[in-house]
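Below you'll find the structure, written out as structure tokens, and then a few comments.
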Amino acid sequence: MLVLGLESSCDETGVALYDSEKKQLLAHSLHSQVAMHAEYGGVVPELASRDHVDRIVGLVEECVLKANIAWQDIDVIAYTQGPGLGGALLVAAGFAHGLALSLDKPLIPVHHLEGHLLSPLLSENKPQFPFVALLVSGGHTQFFKVADIGEYELLCESVDDAAGEAFDKTAKLLGLPYPGGAELSRLAAFGNDKAYTFPRPMLHSKDLNMSFSCLKTAVLTKIMELTQDTQRELSDNEIYDIAASFQAAAVEVLRKKAQKALELTGLTRLVVAGGVGANQALRAALKKLNAEVYFPELQWCTDNGAMIALAGAMHLDQREKTQSFTVKPRWSLTDINN
Ligand code: KG4
Ligand code: ZN
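1105 is the number of the first residue of the sequence shown in this note's numbering; add one for each residue after it.
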């Protein structure tokens, strides 16, 4: 089956074509809106929706051309139904429904987080089920026990900010442009991660939950301490050291909780997905765990159409021609079957 995957839940318009028999990605096209939103310091939902509308047709045409297929070769259309920004979600959902009607093909609604979570399956070296999944993105920091496709048990999550959000907010405090997480980690490589001791929130809590907002507050306090009396800007070296020390704290929390999640479940495989999964320090720390650790390729860490096409291919039994036109801006992965 040839699955067309469409993603528009936030600030990336993603399209991909996946062959479920060959288990092979045929083509993908992506447009990131990061540069457009950077001017405002965050995602502007209305601008995001409009840009998806402007891009989606061209990206789908480009993808069909790259894969060298005919429109009728598409067997099924998978689209992100949620969670995400309501208006943005409507773009891929609306386009999917229109295309399905015109080609007389079935649709599969996909849960965005399931797409992230299954994205390591796009690699040659695929994890087997069951595994522990760490979903670490701009909106979520969660551990799941994944027994099989569609069987997701939430083990724990951040009680406040997501890890990516903490990276982005800390980057902003350091004067880096939105979204900042990747740039912060690039600058951290020049710094001393022991220069400042930032808290490891909830590191020793009995449960697996995490907190990242006080870490960001500790960075703010440190910046004020360094600059307030002298009314000066942070030096480059101070920025590098704060970035490195912040990253070391965030990574240690995630590594410790990952270890606990593996111990608690008795599982030996860990799958890491989501934007922060691109972080090299996190990758290096998790690779040292006594477990098989899987990451998506860097290009599949942030939002994309390939992970949606793949998730669609895993749910071919759920394809339907007649569907109510709904999106689910708020949708827990543990409610995936509702
Ligand atoms: O998964 P994603 O594209 O979007 C959501 O669904 O949230 O993740 C985006 C998040 C942003 O917070 C971004 O700053 C963060 O992932 N991110 C990183 C890195 N690359 C992206 N955070 C830390 N280190 C990175 N290298
Ligand atoms: Zn995402």
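The beta-carbon is built from N, C-alpha and C at its ideal position, and this holds for glycine as well.
When secondary structure is reduced to three states using DSSP, Ala-1322 falls in the helix class. At least one heavy atom of the ligand ZN lies less than 6 Å from the C-beta of Asp-1407. Pairwise C-beta distances place the stretch 1423 to 1430 out of contact with the stretch 1397 to 1404, as fewer than three of them are shorter than 8 Å.
If you check the C-beta of Ser-1241 against the ligand ZN, you find a heavy atom less than 6 Å away. Annotation: the continuous alpha helix (DSSP H) that includes Cys-1167 extends over 1149 to 1171. Three or more pairs of CB atoms, one per stretch, sit closer than 8 Å, so the stretch 1347 to 1360 contacts the stretch 1292 to 1301. Check the Cα spacing between Ile-1327 and each of Tyr-1300, Met-1314 and Asp-1115: the tightest is with Tyr-1300. Following the DSSP letters along the chain, one finds Ser-1289 inside the alpha helix (DSSP H) bounded by residues 1285 to 1292. The DSSP-derived three-state label of Thr-1245 is strand. Under the three-state reduction of DSSP, Asp-1123 is assigned to strand.
Boundaries for Gln-1128: no alpha helix (DSSP H) harbours it, while the beta strand (DSSP E) harbouring it runs 1128 to 1136, taken from the DSSP string. In the DSSP assignment, His-1216 falls within the unbroken alpha helix (DSSP H) covering 1216 to 1222. Of the candidates Leu-1258, Ala-1237, Ile-1160 and His-1220, the residue whose Cα lies closest to the Cα of Ala-1196 is Ile-1160. Note on geometry: alpha-carbon atoms of Asn-1229 and Tyr-1398 lie some 8 Å from one another. Per DSSP, Glu-1255 lies in no alpha helix (DSSP H) segment; the continuous beta strand (DSSP E) that holds it begins and ends at 1255 to 1261. For the pair of segments examined, the stretch 1384 to 1398 was found not to touch the stretch 1148 to 1159: the number of CB pairs separated by less than 8 Å stays below three. The DSSP-derived three-state label of Gln-1185 is strand.
For Leu-1134, the CB contacts under 8 Å within the same chain, skipping 5 residues up- and downstream, are Glu-1116, Thr-1117, Gly-1118, Val-1119, Leu-1163, Asn-1408 and Gly-1409 in chain order. When rounded, the separation of the alpha-carbon atoms in Arg-1290 and Ile-1173 is 39 Å. The alpha-carbon of Leu-1307 is positioned some 40 Å away from that of Ile-1212. Of Glu-1257, Thr-1334, Met-1411 and Ala-1322, the smallest CA-CA separation from Ala-1131 is found for Met-1411. Within a 10 Å sphere around the beta-carbon of Gln-1128 sit fewer than 16 other beta-carbons, which makes this residue exposed.
A distance below 6 Å between beta-carbons, with the five flanking residues on each side excluded, links Gly-1268 to the following residues of its chain, in chain order: Ser-1241, Gly-1242, Gly-1285, Gly-1379 and Val-1380.
Contact annotation: the stretch 1213 to 1221 touches the stretch 1179 to 1190, with at least three C-beta pairs closer than 8 Å. In the structure shown, the three-state DSSP call for Phe-1233 is coil.
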